[in-house]
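>
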Amino acid sequence: MSAFEALDPEKALVFYHIPCIFIASQGAVAATDAETCKKLISGFMGRLREQNFLRNEVVGLNVNQLSPILAICSGTFIRIDKNEKEINRFGFNYTMRNDGSWKIVVAALF
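Take a look at the structure:
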């Protein structure tokens, strides 16, 4: 989480499998290459900067390992701003694949 909390798309990019899919209420987007994935992450981080984002808290984390190389992680993110106030909270499901390290293949936010 520290890579994400740094609001540096380059640091966060290494945690995503390429290609990957992002799903949210606005729709679904496939990032078929690293540049597209970085652009999506960068836009998301830009919105967090505007909200004075400081850190994440994760509650209700559940990991279900489906096979030696596939797992689903789910829980709730709580976004905290620089005044230690809650910005928002939302659920997540990450489908992850291990190809030497665990990476997000599908990120569903709700």
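Heads up, the sequence shown is in the numbering used here, so the first residue is 1003 and it goes up one at a time.
All C-beta atoms in this analysis are idealised placements derived from N, C-alpha and C, irrespective of residue type, glycine included.
Short check: CB of F1024 to CB of L1042, under 8 Å?
Counted from its first residue, the sequence shown places residue 1024 at position 22. Counted from its first residue, the sequence shown places residue 1042 at position 40. Cβ distance < 8 Å, so F1024 and L1042 count as in contact.
> Can you tell which of R1057, G1062, D1035 and N1064 has the C-alpha that lies nearest to the C-alpha of E1088?
In the sequence shown, the residue the question calls residue 1088 occupies position 86. Minimum Cα distance to E1088 is reached at R1057.
> If we count Cβ pairs, one from each stretch, closer than 8 Å, do we get three or more for the segment 1092-1099 versus the segment 1066-1080?
Verdict: yes, contact present.
> Note down the Cα distance separating F1006 from E1059, rounded to an integer number of angstroms.
If you number the sequence shown from 1, residue 1006 lands on position 4. If you number the sequence shown from 1, residue 1059 lands on position 57. Cα to Cα, the separation comes out at about 12 Å.
> Are the CB atoms of T1022 and A1110 nearer to each other than 8 Å?
Looking up residue 1022 in the sequence shown gives position 20. Looking up residue 1110 in the sequence shown gives position 108. For clarity, residue 1022 is Cys in the given sequence; the question names Thr instead. Cβ atoms of C1022 and A1110: not closer than 8 Å.
> Where L1103 and K1084 are concerned, what is the direct C-alpha to C-alpha distance, given to the nearest angstrom?
Working through the sequence shown from its first residue, we reach residue 1103 at position 101. Working through the sequence shown from its first residue, we reach residue 1084 at position 82. Before going on, a small fix: residue 1103 reads as Ser here, not Leu. Rounded to the nearest angstrom, the two C-alpha atoms are 31 Å apart.
> Name the two residues that bound the continuous beta strand (DSSP E) containing F1112.
Against the sequence shown, residue 1112 aligns to sequence position 110. Looking at the DSSP string, F1112 is not in any beta strand (DSSP E), and its letter there is neither H nor E.
> Can you tell me whether DSSP reads T1078 as helix, strand or coil?
Counted from its first residue, the sequence shown places residue 1078 at position 76. The answer is strand: DSSP assigns T1078 an E or B state.
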